[in-house]
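Residues 442 to 820 (the numbering used here) are what the sequence shown spells out, left to right.
Beta carbons: idealized from backbone N, C-alpha and C, even for Gly.
These numbers were taken from a predicted model, which means no experiment stands behind them.
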Amino acid sequence: MEASFKGNETDFATGLPAKVDDNDTNSKTQTCTAMKGFICDICGKEFSNKEYFNKHYVTHTIEKCFSCDVCKIEFHQKSDLKRHFQTHTNEKPFSCDVCNKAFSLIGHLNNHYRTHTNEKPFTCDVCNKGFTQKYNLNVHYRTHVTEKLHVCDVCQREFYRECDLKIHFRTHTNEKPYSCIECSKEFSEKRYLNKHYRTHTNEKPFSCDVCSKEFSQKSHLKRHYQTHTNEKPYSCQTNEKPYSCDVCKKEFCRDYDLKRHFLTHSIEKSYSCVVCGKAFPVKDSLNRHYRTHTGEKPFSCDVCNKEFSLKSNLIQHSRTHTNEKPFTCDVCKKEFRRKGDLIGHSRIHTNEKPFSCDVCGKKYSQKRYLNNHFRTHTN
């Protein structure tokens, strides 16, 4: 197994990227020093130098020698066991000098401290934009990389990196190399195993800077944080929809949403399913459809382990645990978990009835009411 360097061959003995011919067509895939240069071919994790990469690589090859006395979870390194043990003791030895908030890991303290200093030590070499965390810089940098050179032979999906293609290909082979030592459940990616494993340990490494509430997943923390900022990311902030479809007059908040919608009217459907031949105008739609054949459900609930094929379905489901209702009626302030429920409810105020019976012409505000009514004719 070798470390791979983005755009370059890597000399594994020295840890340095091998020389690339200036005339080599592959040199266009080189990245700036902002990106992490060493990629694990097994799990796709990235590292900024060879020392960190080698330390990580042995976790795939050596036995776990350090065991937790409380829950019996095993670790490759003693330092990892020490960090894990703090989840049992609730020990938080690292405190902020400004607000006295305490953290179990010094890395979490460092990330938090930048909220006070507004320090952004990680800078993009292309556009000079600054970031508080290196992970955010790496994600941002991909916006400058426009060409995806690695294509899946089965579904034609494209990827920036070969390791991402390898991980994706497991959705076709149904390979699941990562298994939980507690319940033997198997996963195609290590990140899914890590998420699942917290359901056994009850570890919650992500804490809110405002109220200190802790979460097992970063996405849950982000959604929670919006309760403090009063942000409503699921709907247009101003309720204005300046972009209108010329075909069906449907309105949108963003130009991007209008362009995606317009493809549904396009006769051309360039992306076809290799299994059933169904065609789609948007590649994302094909990828979502393909899961109906593979049975892949890559999104799992951190609370009850229920799995979903679509991330949107997981988000909706997770609100049954948090009782979060992000959609509020502007008229009566009633709150809803799903945007569709809010839209249906709002017709009570507008008296809009867009669903009409083909038999008798009676109109209804919601499609389910029409379906119930239609049975009176079929019976």
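Contacts around residue i, its chain only, beta-carbon distance under 6 Å, and the 5 residues preceding and following it disregarded
i	result
S648	E655
E748	K738, S741
G571	K561, T564
Y619	F628, K631, L634
G736	none
R555	T573
Span of the alpha helix (DSSP H), counted from its first residue to its last, around residue i
i	result
C604	603-614
I514	Element bounds for I514: n/a, residue is neither H nor E.
S787	780-791
S759	752-763
S726	724-735
E492	491-498
T556	547-558
K636	631-642
V580	575-582
L811	808-819
Close beta carbons around residue i, own chain, < 8 Å, minus the five adjacent residues each side
i	result
H786	C770, K775, F777
H553	C537, K542, F544, D650
K636	S657, Q658, S741, D743
N728	C596, R598
H814	C798, K803, Y805
Closest Cα partner of residue i within the set the options
i	options	result
C652	A543, E603, H581	A543
K763	L578, N569, H665, D696	Looking at the sequence provided, one finds Thr at residue 763 rather than Lys. Among L578, N569, H665, D696, the Cα nearest to that of T763 belongs to H665.
G548	T530, Q574, V539, E532	Q574
E603	C481, V723, S685	C481
V411	R611, C773, T819	Nothing about residue 411 can be read from this structure; the chain reaches only from 442 to 820.
H661	F516, Y582, R760, N559	R760
T668	P767, F721, P683	P767
R524	C745, C773, N792, E644	E644
K533	L546, V539, D605	L546
G781	G802, S753, C773	S753
N531	E765, D696, P646	P646
Cβ pair residue i, residue j closer than 8 Å
i	j	result
S600	H613	Checking the sequence shown, residue 600 turns out to be Phe, not Ser. No, they are not a contact pair.
R632	S657	no
S797	K808	no
H585	R598	no
K719	H730	yes
R779	S806	no
L550	F535	yes
Y712	L699	no
V511	H529	yes
V580	H557	no
V772	H790	yes
L578	C593	no
Residues of its chain near residue i, where Cβ-Cβ distance is below 7 Å and the 5 sequence neighbours each way are ignored
i	result
K519	F507
H641	E623
C621	L634, H637, Y638
V716	H734
E793	S806
L811	F796, C798, Y805
C714	L727, H730, Y731
Residue i - containing beta strand (DSSP E), residue span
i	result
I622	Unbroken run through I622: none, as it is neither H nor E.
C481	479-481
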